[in-house]
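For the sequence shown, the numbering used here gives the first residue as 2, with consecutive numbering after it.
The C-beta atom is built at its ideal place from N, Cα and C for all residues, glycine as well.
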Amino acid sequence: MLLAGIAVSFAGPDKAAVEAKEKAAWQAYKDKKADDFKKVVDKDIRCIYADGVSNMAKELDDMKKWEIKSFEISDFDMFSDEKDVIVTTYSVKLDATADGKDMSGTYIAGSVWKEENGKWLAIFHSNVKQEK
Numbered sequence: 002m003l004l005a006g007i008a009v010s011f012a013g014p015d016k017a018a019v020e021a022k023e024k025a026a027w028q029a030y031k032d033k034k035a036d037d038f039k040k041v042v043d044k045d046i047r048c049i050y051a052d053g054v055s056n057m058a059k060e061l062d063d064m065k066k067w068e069i070k071s072f073e074i075s076d077f078d079m080f081s082d083e084k085d086v087i088v089t090t091y092s093v094k095l096d097a098t099a100d101g102k103d104m105s106g107t108y109i110a111g112s113v114w115k116e117e118n119g120k121w122l123a124i125f126h127s128n129v130k131q132e133k
């Protein structure tokens, strides 16, 4: 029984709750709501994309350049070996442009979430457009 209690005490949010946080980050980005984005993304976020490394300042600047008509997350999965860290992987289908360039397609994505002071925040994110 002690081991069961320890496992429960290390349990973080369930899969649906973490997926909801991923969707909230995407929705805030889509809606260009920087304050909502900052509620689920750590101020020290680091991101890796095909065009380079990004941080919070660059994410907020790039948010202005993107026009996301729609996004759809699928194949969502997550795991954790630590009580305060979660790794997610998923696909996201985008209908979007950036600086007028069509960026639509399916992207393979992943994030790292960390619990800080009782709040889960994304501390790392990456995505790459899936090749056909």
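Within the DSSP secondary-structure output, Met79 pairs in a beta bridge with Thr89.
Contact between the segment 79-90 and the segment 12-23 is present, with at least three C-beta pairs closer than 8 Å. Where Lys24 is concerned, the enclosing alpha helix (DSSP H) starts and stops at 16-31. Counting the other CB atoms within 10 Å of its CB gives Val129 a total below 16, which places it among the exposed residues. Lys66 is not a Cβ neighbour of Met57, given a cutoff of 9 Å. Under DSSP, Phe38 shares a beta bridge with no residue. Taking C-beta separations shorter than 6 Å and ignoring five residues to either side along the sequence, the partners of Ala110 in its chain run Tyr91, Val93, Asn128, following chain order. In this structure, the CA atom of Ile49 is about 10 Å from the CA atom of Ser112. Phe72 sits away from Asp36, with the two beta carbons spaced by 9 Å or more. Bounds of the alpha helix (DSSP H) holding Glu60 are 57-64. By the 16-neighbour rule on beta-carbons within 10 angstroms, Glu23 is buried. Cβ contact annotation for Met104 (same chain, cutoff 7 Å, sequence separation greater than five): Leu95, Ala97, Thr98, in chain order.
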